[in-house]
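Q:
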Amino acid sequence: MGNGGSKKRIVVFFGPPGVGKGTVATRLAEEFQFQFVSSGDLLRDNVKNKTELGSEAKRFMDAGQLVPDGLVTRMVFARLDELNGGVFLDGFPRTKFQAEEFNAYAFQKGLVLLVINLEASDGFLMERLSHRLICRNCGAIYHRSNLPPKKKGVCDACAGALYQREDDRPEVVAKRLMVYHQQSAPLVEYYQKAGLMVTLRGDQPLPETLAGARQILRG
Ligand code: AMP
4 MGNGGSKKRI VVFFGPPGVG KGTVATRLAE EFQFQFVSSG DLLRDNVKNK TELGSEAKRF
64 MDAGQLVPDG LVTRMVFARL DELNGGVFLD GFPRTKFQAE EFNAYAFQKG LVLLVINLEA
124 SDGFLMERLS HRLICRNCGA IYHRSNLPPK KKGVCDACAG ALYQREDDRP EVVAKRLMVY
184 HQQSAPLVEY YQKAGLMVTL RGDQPLPETL AGARQILRG
C-alpha cells in the first residue's frame, strides 16, 4: 500500500489491549511513511498536561473504562485534521458509535480506510500486559522478557526511563479486556461486512506479525 496516491490513507490497527497494535504500527510507520496517531497516547498527553479533556478522561482511564465517545472522536478528528499524508491509527475506533462517526468523517474528507485486526487470547494478553514497559519519553514499548531493553529500565531508542502503565495492573487489565469484548469486539463483524478488515495473529513472535502486516500494507 503506497502512500503517494491522491487520497489520504488511514490504516486502523484494531484489537484488544496488549495485542501489539502500537508496537506494530510504530515499527512500520517510518518504513511506510505513515504518521502514527494513538488515541490512548493523545489522552495520556492530555492527562499529563492537565487539560480539561485530560481531567475528564482520567477517571475512566484509571478504571479501565472507555472515555465517552464524544470526547474521543473530537480529539482524534482534530489531530487527523492537523496531519497531511497517511496515518496509522491505534486505538480508535473502539465502539460502534465511534466507527460510524469515523465513516462519516472519512467520507467527508475523502479518506481511504483499511483495518488490520490483531487477535490473541485473553490469557496471552494478561501475561503480556503485566510485563509491558513503556518509555516515559518516546513511548517505545518493551516486554520484560520477550522484548527487553538492552539496559534494564532504559529505552534503547532515546535513553528515556521505562515505566509500567498504571492501567497495566492485573485488576485493571481484566476490566479493559471485558470492556473490549463488550464494546469493541462487535466492530470485527462490522468491518468484515464492510470488506475493510484483514485479520492477523498478534500472539506470534513480533517479526512474524510485522511480516504479515507488511504483506497486507503492500498488497
Ligand atoms: P490504550 O492506550 O489504547 O490502551 O488506551 C488507554 C485508555 O484510554 C483506554 O483504556 C481508554 O480508557 C482510553 N481510550 C483510548 N482510546 C479510546 C477510544 N477510542 N475510546 C474510548 N476510550 C479510549
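Heads up: the sequence shown runs through residues 4 to 222, numbered per this note's numbering.
For every residue, glycine included, the Cβ atom is placed at its ideal position computed from N, Cα and C.
What does DSSP give as the partner residues of arginine 12 in its beta bridges?
A: The partner list for arginine 12 (beta bridge, DSSP) reads Val115.
Q: Quick one, are the C-beta atoms of lysine 99 and tyrosine 193 less than 8 Å apart?
A: Their beta carbons are under 8 Å apart, which means lysine 99 touches tyrosine 193 by this criterion.
Q: What does DSSP give as the partner residues of alanine 164 in its beta bridges?
A: For alanine 164, which the question treats as bridged, DSSP gives the partners Val157.
Q: Any heavy atom of ligand 1 closer than 7 Å to the beta-carbon of methionine 78?
A: Every heavy atom of ligand 1 is 7 Å or more from the Cβ of methionine 78, so no.
Q: Out of Met129, Arg12, Ser187, Leu190, which has the shortest C-alpha to C-alpha gap to aspartate 206?
A: Ranking Met129, Arg12, Ser187, Leu190 by Cα distance to aspartate 206 puts Met129 first.
Q: Output yes or no for whether 8 Å exceeds the beta carbon distance between glutamate 122 and glycine 18.
A: Contact flag set, yes.
Q: Looking only at its chain, what residues have a beta carbon closer than 8 Å to the beta carbon of leucine 45, apart from the 5 residues adjacent to it on each side?
A: Taken in chain order, the residues that qualify are Met78, Val79, Arg82.
Q: Tell me whether serine 42 counts as near ligand 1, meaning its Cβ is closer than 7 Å to at least one heavy atom of that ligand.
A: Serine 42 Cβ: within cutoff of ligand 1.
Q: Enumerate in chain order the residues of its own chain whose CB-to-CB distance from valine 153 is below 6 Å, with the five nearest sequence positions on each side excluded.
A: Looking at the sequence provided, one finds lysine at residue 153 rather than valine. If we look at lysine 153 and ignore the five residues flanking it on each side, its Cβ neighbours are Asp159.
Q: Examine ligand 1 and report whether any of its heavy atoms sits within less than 7 Å of the Cβ of glutamine 68.
A: True, at least one ligand heavy atom lies under 7 Å from that Cβ.
Q: Report the partner residues of threonine 202 according to the DSSP bridge assignment.
A: DSSP output for threonine 202 lists Asn120 as bridge partner(s).
Q: Leaving out the 5 sequence neighbours to the left and right, which residues in its chain are closer than 7 Å to arginine 179 when beta-carbon positions are compared?
A: The answer, listed in chain order, is Pro20, Gly67, Asp170.
Q: Any beta-carbon of chain D closer than 8 Å to the one on isoleucine 137?
A: Within the model displayed, chain D is absent; a lone protein chain is all it includes.
Q: For the stretch 105-116 against the stretch 132-139, do three or more pairs of beta-carbon atoms, one drawn from each stretch, fall closer than 8 Å, so that the two count as touching?
A: These segments do not touch.
Q: Alpha carbon to alpha carbon, how far is valine 40 from arginine 168? Give it in angstroms, no decimals.
A: Arginine 168 and valine 40: Cα-Cα distance of roughly 18 Å.
Q: So for arginine 224, helix, strand or coil by DSSP?
A: Lying outside 4 to 222, the shown extent of the chain, residue 224 is not represented and no answer is given.
Q: Taking only three categories from DSSP, how would you classify glutamine 68?
A: Of the three classes helix, strand and coil, the one that applies to glutamine 68 here is coil, per DSSP.
Q: Excluding sequence positions up to five away, which residues of its chain have a Cβ less than 6 Å from the Cβ of glycine 57?
A: Same-chain partners within the cutoff: Asn49, Val50.
Q: Within its chain, find whatever has a CB closer than 8 Å to the CB of glycine 88; leave out the 5 residues flanking it on each side and keep chain order.
A: Here the set comprises Asn6, Lys11, Gln36, Phe37, Gln38.
Q: By a C-beta neighbour count over all protein chains shown, 10 Å radius and 16 as the cutoff for buried, is tyrosine 183 buried or exposed?
A: So tyrosine 183 counts as buried.
Q: Looking at the structure shown, is glutamine 38 part of a helix, part of a strand, or coil, going by DSSP?
A: Strand.
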